[in-house]
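Here's the structure we're looking at; comments come further down.
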Amino acid sequence: MSRDRARVARFVIARRGEVGLTQQGLAERAGVDIKTIYNLESGERWPQAKTRGAIEAVLRWYPGDLQRIAEGGEPVVYERPPSRRELLADYIRTRMDQLRLTWADVARDGRIPEEELDDLRRQMIPEGHVKLGLERALRWEPGSIDAIVDTGREPTTVHRWPEEQRVKRSQGFTEEEVRQAEEIAERVRKDPELARAVATLLGFRSPDHDGADERDMDTA
């Protein structure tokens, strides 16, 4: 994960001065050891997600802003963010640490346009395709964000984000339709002849196409 620790240090020192805190004062309010603040401001060590959240709260920065600064962005100053947004931001921050993701990774893996990702980082209210994209990028079970926001429940992680569930939730497919689609997809994956027939039916290749051009390209 790419981080500009020197940039973060400059922002933290400046913001600490703006709110009138010493290193000791920041450490006490955040509930961390003063060495943690020293390491952060000297660029020597990157704090854990929970520690970053505590420091961000004292500096009245939005959750996730230390990482945002490290990636070249700007922090967002707030007064009293809703607790459910803070909880969601904390889960996101922790999960990004676990998967070693940057916000750029989240945008790519979640297929989220940069400007919409900026809105997400500022407001922490993911909706529609942004919510689905975020769950995909973080490898959370579809519906996990709603569970966090509505009930405070911990998100469920998955090894591989289930595309079939995404289709069902976003386009209103029934359980039976999804089950049938899964069966068809599995048959196509296992049967090369069936896969070619489906590709021809969908117009991906002509009926007389035998894959020779791909083989030629592979051996060129």
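Just so you know, we're using our numbering here: the sequence shown kicks off at 1 and counts up by one.
Just so it is clear, CB atoms sit at the ideal spot from N, CA and C, and this is done for glycine as well.
Considering only residues of the same chain and omitting the five flanking positions on each side of A6, which have a CB-CB separation below 8 angstroms?
G43
Please determine, among R45, P113, G25, E56, the residue with the shortest C-alpha to C-alpha distance to V77.
E56
Strand pairing of T157, partner residues [DSSP]:
W140
Are L88 and I37 closer than 7 angstroms when you measure CB to CB?
no
Within a Cβ cutoff of 8 angstroms, which residues of the same chain sit near V229, ignoring the five residues on either side of it in sequence?
The requested residue 229 does not occur in the structure, where the chain is confined to residues 1 to 220.
Cutoff 8 angstroms; reference L26; Cβ partners in own chain excluding five residues on either side
R16, I37, I55, V58, L59
Could you check if V19 is buried or exposed, using at least 16 other CB atoms within 10 Å of its CB as the buried criterion?
exposed
Residues in its own chain within less than 8 angstroms of G31 by CB, not counting five upstream and five downstream?
A54
Reducing DSSP to helix, strand and coil, say where V19 ends up.
coil
Roughly how many angstroms separate the alpha carbons of E154 and R10, rounded to a whole number?
34 angstroms
Assign W103 to one of three DSSP states: helix, strand, or coil.
helix
Output yes or no for whether 7 angstroms exceeds the beta carbon distance between G133 and R111.
yes
Enumerate in chain order the residues of its own chain whose CB-to-CB distance from D105 is below 6 angstroms, with the five nearest sequence positions on each side excluded.
none
Could you work out which residue in R85, P142, Y91, I92 is closest to Q123 when comparing CA atoms only?
R85
Under 7 angstroms between C-beta atoms of A107 and L117
yes
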